[in-house]
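A.B. asks: Just so you know, we're using the working numbering here: the first sequence kicks off at 52 and counts up by one.
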Amino acid sequence: MPDKPTLDGVEEKWDAVWQEQGTYRFDRSATREQVYAIDTPPPTVSGSLHVGHVFSYTHTDLVARYQRMRGKVVFYPMGWDDNGLPTERRVQNYYGVRCDPHQHYDPAFTPPEEPDPKAQLPISRQNFVELCHALTAEDEKAFEALFRRLGLSVDWEHTYATIDDRSRRAAQRAFLRNLARGEAYATDAPTLWDVDFRTAVAQAELEDRELPGAYHRVAFHRPDGQAVHIETTRPELIPACVALVAHPDDARYAPLFGSTVTTPLFGVEVPVVAHELADPEKGSGIAMICTFGDVTDVTWWRELQLPVRSCIGRDGRFLPAPPEPVPADGAYTELAGKTVKQAQKRIVELLVDSGDLVGQPKPITHPVKHFEKGDRPLEIVTSRQWYIRNGGRDTDLREALVARGREMSWQPAFMRSRYENWVGGLNGDWLISRQRFFGVPFPVWYRLDDAGEPVYDSPLLPAEERLPVDPTSDVPDGYTEDQRDVPGGFTADPDVMDTWATSSLSPQIAAQWEDDPDLFGRLFPMDLRPQAHDIIRTWLFSTVVRAHLEHGSLPWTHAMLSGWILDPDRKKMSKSKGNVVTPMHLLEQYGSDAVRYWAASARPGMDTAFDEGQMKVGRRLAVKLLNASKFALTFPEAADGEVTEPLDRSLLASLADVVDEATRAYEGYDPARALERTEAFFWTFCDDYIELVKGRAYGDGSGADSARRALRTALDALLRLFAPVLPFTAEEVWSWWRDGSVHRQPWPDAAALRPAGVDETEADVLRRAAEVLGEVRKAKSTAKTSQRTPVVRLVLPGDPELHAPYLDDLRNAAVVEGEVEYAADGEVQVELGEAPAKGTR
RNA sequence: GGACGUGUAGCUCAGCUGGUUAGAGCGUUCGCUUCACACGCGAGAGGCCGCAGGUUCGAGUCCUGCCACGUCCACCA
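#1: Quick check on the DSSP output: what are the complete beta strand (DSSP E) runs of length 3 or more inside the region 327-396, in order along the chain?
#2: For F661, which of helix, strand or coil comes out of DSSP?
#3: Pick out whichever of G443, D426, L518 and G425 has its Cα sitting closest to the Cα of N478.
#4: Taking C-beta to C-beta, are L772 and A713 nearer than 8 Å?
#5: To which residues of the same chain is L518 closer than 7 Å at the C-beta, ignoring the five residues directly before and after it?
#6: When the Cα of P263 is compared with those of K413, P634 and A875, which residue comes out closest?
#7: Using 8 Å as the cut-off, can you tell me whether the region 261-279 makes contact with the region 410-424, which would need three or more C-beta pairs spanning the two stretches below that distance?
#8: Where does I483 fall in DSSP's three states?
#9: For N630, which option in L100, V595 and K831 has the closest C-alpha, if you only look at C-alpha atoms?
#10: Rounded to the nearest angstrom, what separates R789 and D644 at their Cα positions?
#11: Who are the near neighbours of A768 in its chain, counting only those whose CB is closer than 7 Å to its CB and skipping five residues on each side?
#12: By the three-class DSSP mapping on this structure, what secondary structure does P687 have?
#13: Since P797 and L113 should fall inside the 8 Å C-beta cutoff, what is the C-beta to C-beta distance between them, to a whole number of angstroms?
#14: Flag this pair as yes or no: are the beta carbons of F308 and V323 separated by less than 8 Å?
#15: Alpha carbon to alpha carbon, how far is C341 from Q436? Give it in angstroms, no decimals.
#16: List the whole-angstrom C-beta distance separating A33 from E813, where the pair is believed to meet the contact cut-off of C-beta under 8 Å.
#17: Using a threshold of 8 Å, state whether the C-beta atoms of G746 and A855 are closer than that.
#18: Alpha carbon to alpha carbon, how far is C183 from L676?
#19: Comparing alpha-carbon positions, which option in G135, V453 and A830 lies nearest L605?
#20: If I measure Cβ to Cβ from Y75 and keep anything under 6 Å in the same chain, skipping five residues before and after, which residues do I get?
#21: Where do the N-terminal and C-terminal ends of the beta strand (DSSP E) with M505 fall, by residue?
#22: Rounded C-beta distance between L499 and T542? I'm assuming under 8 Å.
#23: Going by alpha carbons, who is nearest to G692 out of G719, D815, P806 and F779?
#24: How long is the line joining the alpha carbons of V293 and V312, rounded to whole angstroms?
#25: With DSSP collapsed to three states, give me the class of D66.
#26: How is S554 classed by DSSP in three states: helix, strand or coil?
#27: Taking all protein chains shown into account, do 16 or more other C-beta atoms lie within 10 angstroms of the C-beta of D78, making it buried, or fewer, making it exposed?
#28: Could you check how far apart the C-beta atoms of V96 and I616 are, in whole angstroms? I think they sit under 8 Å.
#29: Starting from R260 and walking both ways along the beta strand (DSSP E), at which residues does that stretch end?
#30: Of the residues A731, E165 and P92, which one's Cα is nearest the Cα of Y211?
#31: I want to know whether the region 561-575 touches the region 587-596 - three or more CB-CB distances under 8 Å.
#32: Run through DSSP, which three-state label would E718 get?
#33: Looking at C-alpha atoms only, which residue of D815, T685 and L845 is the closest neighbour of R828?
#34: What does a CB cutoff of less than 7 Å around P173 pick up in its chain, not counting 5 residues either side in sequence?
#35: Looking only at C-alpha atoms, which of R365, A379 and E782 sits nearest to V319?
#36: Going by DSSP in three states, T891 sits in which element: helix, strand or coil?
This is how it looks when you write it as structure tokens:
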């Protein structure tokens, strides 16, 4: 035991020991019953971790450590989500390159010394992917170092990356099975499209942003020359107009249904149709339908079976040639090649010139759909994409998935309704293909017919044993590389899966589904999915979908949702807001246990203010635990025997109650409550109990033995209770006097702690003693004198029998030198003597 | 427009199934070189429990309505 205990260096010291001794290693001989399996969130490896990660990963670790002490064999892996757009974007910026699939692989390629982010160097897909791997490998090392420093009890031998072979194999295998069962399909359909990333995006990745716009009142023309006025925020889409639509009950427009009008500037004849979704209150009550200005257009287009007239290309610019039957030599030439914004400006000028714009555009602000990671508004383009059925078009499946949500436990419970809201509001299947590069490729090729066109109806698929494959470099069975992309040969599906299509399989990946069926059988379905509440609609839901489709079960039985970290202005901390706090300096400044204390104090699911004050408190607690332990252990260990003194028995009785409560709290996934109760007890233990008994413990005889036993018994249990929250401090103290790791000890047992035959009166002794001690302290404080000032007369109210059990301890702790008297009732009365001279003892 | 959550001391938050005078920590004030701890110890001050009704012997807690804030969804001509 050190003379001057300290927290400095405990993180490095114990991390090394835990690693060397395999303290947190998963024992794969355990049965499913004995295992507690955690589906750790794989953090996105693009940049750095922030305090939000420290916060939520600590929550998971608390549960892991508790379950381990409860005797469970805890499976606590770590994954890295390194596939996908964030990595691509980071690689582009970091190295000053961009992926150009037309480039050839250059094995000797090295990235530019001085990257110029404005002029990104085009490189081959393979070179690009290699850079993605190189950069993420660096980040993963830094992440692991931070998580170790934080004290996560992860088994670092169970790690995966969402782009590694195992993940790609699992993602491709699951996809092929979805395809075989008809749960995955490809179709040509209008899809939300990001013109900057040039990829389709899924419903779950949308967000609305308020943007300025304007209503333009535009005249369409009837055959008799009369005008029909519509209002639109997107006049540039007039060449894409396929119809006008009004509500079937709208008397103003009813006479027009079935007739045609011609579009301004382009003179295209379009029908006037009726549909319930048209809102008579909005604009002029009649709208133009374009392919496609927004998702309502898609609905109208589909339900009214209208043609497609696309104007906007995948780069977000107007196509060089207009759609049929818009004249190629007319007004359209003014728009070709322009961005949406430029085209709008120009077409407004043209409409003014032609007299078809009525009045001035009316400025408004309105919500516009964006890709959550994108900058410009989404467009809708028709393209061939892969989908997985998720209930968006199928009531039975949707209900089955809602039922799955009810089958699992939610912490906190109200999060379930977010899940149900989302599932209930789905309006299409899950779009999983992305026109990107650093992701899991679809394991699919197509035969090319004699004209060189892909035959989509009968894709060429690899056997599962071949997985993972990259169809752009691997060749389908029965073909040779020289048949690639030639008529009569084959071509690769060019797309990759969205990152959620892989991470939705995280339980299967971590548990090595099909690669190690024995292990999988011991882990799946898992016990816990910890995650943030903002990705219920993506990660949580998609994981449920995959497990339901593949295994006919839940992926895990509990979902634990953590809240966000808010900055002092109560805004969510996020990279895009630039208000993130990086955690390493906090761990260094306050110590990991102190930061964990802050995280552990937050209620499950509650958004929590970033509060260094709480870290200071946590550090104080950890230091106090060191010092109090050191003091309790300075008394020699008593021979085995009973705790006999009522005050000591009272201490252990309340400790047993605390253990009961803490256990209940952890079982309900509420570590904050367990910590609160433990901490409150600990301060009473230090400030009252130790102060009361230390005089007796310094002595000898049975009273001293009783106190010494109680001190050690209580300390033993307290270290276990604190071990999940303060793993370093608890381990440090444990090592002073006990063997092994506190983290492999059983959780304390309330029944074993509670002294035999203790009744309510006896259990209350410590509380009564502390109350009187408090009164004496108050009297001394009020008199502004030292706590060492003797009490010459003390009057206690009530039955002397109640006070007798602790009186000797109280005399010592409160320096009571005079007689103790008793009154039938009233207050405690304290009469003080002379203050001791300064500097004496 | 819908769903969910939150509103308690200057600040951050507890308050579980309704039950004495509403709690903790931080901050603040006052005091103490008390033999583990100055990264310490002790004590004090500080509260129309968002607002308005209702149920009840009794409401911070239950019910209804409203207000404010947050999140998600819907709307998007």
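From the three backbone atoms N, C-alpha and C, an ideal C-beta is built for every residue, glycine too.
C.D. replies: Result, derived from the coordinates:
#1: 337-341
#2: As a first step, residue 661 must be located in the first sequence, where it is residue number 610. Coil.
#3: As a position in the first sequence, residue 478 is number 427, starting the count at 1. Measuring from the Cα of N478, the nearest candidate turns out to be G443.
#4: Start at 1 with the first residue of the first sequence, and residue 772 comes out as number 721. Start at 1 with the first residue of the first sequence, and residue 713 comes out as number 662. Yes, these two residues count as a Cβ contact at 8 Å.
#5: Position 467 of the first sequence holds residue 518. Same-chain partners within the cutoff: R220, Q223, R224 and P494.
#6: Here residue 263 refers to the residue found at position 212 when the first sequence is read from its first residue. If we check each option's Cα against that of P263, K413 comes out closest.
#7: yes
#8: Against the first sequence, residue 483 aligns to sequence position 432. If DSSP states are grouped into helix, strand and coil, I483 belongs with coil.
#9: Taking the first residue of the first sequence as 1, we reach residue 630 at position 579. Of the candidates L100, V595 and K831, the one whose C-alpha sits nearest the C-alpha of N630 is L100.
#10: Reading the first sequence from its first residue, position 738 is the one you call residue 789. Reading the first sequence from its first residue, position 593 is the one you call residue 644. One C-alpha to the other measures close to 21 Å.
#11: Working through the first sequence from its first residue, we reach residue 768 at position 717. The beta carbon of A768 sits closer than 7 Å to those of L706, V710, P799 and L804, all from its chain and outside the five residues before and after it, given in chain order.
#12: The sequence position of residue 687 within the first sequence is 636, counting from 1. DSSP places P687 outside both helix and strand once states are collapsed to three, so it counts as coil.
#13: As a first step, residue 797 is located in the first sequence; it is residue number 746 there, counting from the start. As a first step, residue 113 is located in the first sequence; it is residue number 62 there, counting from the start. With 8 Å as the limit, P797 and L113 do not qualify as a contact, their Cβ atoms being about 17 Å apart.
#14: Taking the first sequence and counting its residues from 1, the one referred to as residue 308 is at position 257. Taking the first sequence and counting its residues from 1, the one referred to as residue 323 is at position 272. Cβ distance < 8 Å, so F308 and V323 count as in contact.
#15: Here residue 436 refers to the residue found at position 385 of the first sequence. Here residue 341 refers to the residue found at position 290 of the first sequence. Rounded to the nearest angstrom, the two C-alpha atoms are 21 Å apart.
#16: The chain is shown from 52 up to 892; residue 33 falls before or after that span and cannot be answered.
#17: As a working mapping, residue 746 is identified with position 695 in the first sequence. As a working mapping, residue 855 is identified with position 804 in the first sequence. Going by C-beta atoms, G746 is not nearer than 8 Å to A855.
#18: As a working mapping, residue 183 is identified with position 132 in the first sequence. As a working mapping, residue 676 is identified with position 625 in the first sequence. Taking the straight line joining both Cα atoms gives about 45 Å.
#19: Here the question's residue 605 lines up with position 554 in the first sequence. Comparing Cα positions, the closest option is V453.
#20: Along the first sequence, read from residue 1 onward, the residue named residue 75 stands at position 24. Same-chain partners within the cutoff: S204 and D206.
#21: Numbered from its first residue, the first sequence carries residue 505 at position 454. Reading the sequence as shown, one finds Pro at residue 505 and not Met. Segment P505 to L511, the beta strand (DSSP E) holding P505.
#22: The count along the first sequence starts at 1 and reaches residue 499 at position 448. The count along the first sequence starts at 1 and reaches residue 542 at position 491. At roughly 6 Å, the Cβ-Cβ gap stays under 8 Å, so L499 and T542 are in contact.
#23: Looking up residue 692 in the first sequence gives position 641. Checking every option, the nearest Cα to that of G692 belongs to P806.
#24: If you number the first sequence from 1, residue 293 lands on position 242. If you number the first sequence from 1, residue 312 lands on position 261. Near 11 Å, if we compare the C-alpha coordinates of V312 and V293.
#25: Walking along the first sequence from the start, residue 66 turns up at place 15. Looking at D66 - three-state DSSP - the assignment turns out to be helix.
#26: Start at 1 with the first residue of the first sequence, and residue 554 comes out as number 503. In the structure shown, S554 sits in a helix (DSSP, three-state: H, G or I).
#27: Locating residue 78 in the first sequence gives position 27, counting from the first residue. By the neighbour-count rule (16 or more Cβ atoms within 10 Å), D78 is not buried but exposed.
#28: The residue you call residue 96 lines up with position 45 of the first sequence. The residue you call residue 616 lines up with position 565 of the first sequence. Approximately 20 Å separates the beta-carbon atoms of V96 and I616; this is outside 8 Å, ruling out the contact.
#29: If you number the first sequence from 1, residue 260 lands on position 209. Note, R260: beta strand (DSSP E), L257 to H272.
#30: Within the first sequence, the letter at position 160 stands for residue 211. Comparing Cα-Cα distances from Y211 to each of A731, E165 and P92, the minimum goes to P92.
#31: Counting C-beta pairs closer than 8 Å gives fewer than three between the region 561-575 and the region 587-596, which falls short of the contact rule.
#32: As a working note, residue 718 is residue 667 in the first sequence. Helix at E718.
#33: For the purposes of this step, residue 828 is taken as residue 777 along the first sequence, with counting starting at 1. Comparing Cα positions, the closest option is L845.
#34: If you number the first sequence from 1, residue 173 lands on position 122. Once the five neighbours on either side are set aside, the close Cβ partners of P173 are R149, D151 and Q154.
#35: Start at 1 with the first residue of the first sequence, and residue 319 comes out as number 268. Relative to V319, the option among R365, A379 and E782 whose CA is nearest is A379.
#36: Position 840 of the first sequence, counted from the start, is the residue given in the question as residue 891. The predicted model places T891 with a pLDDT of 46, which falls under 50 and marks its position as unreliable, so this point remains unresolved.
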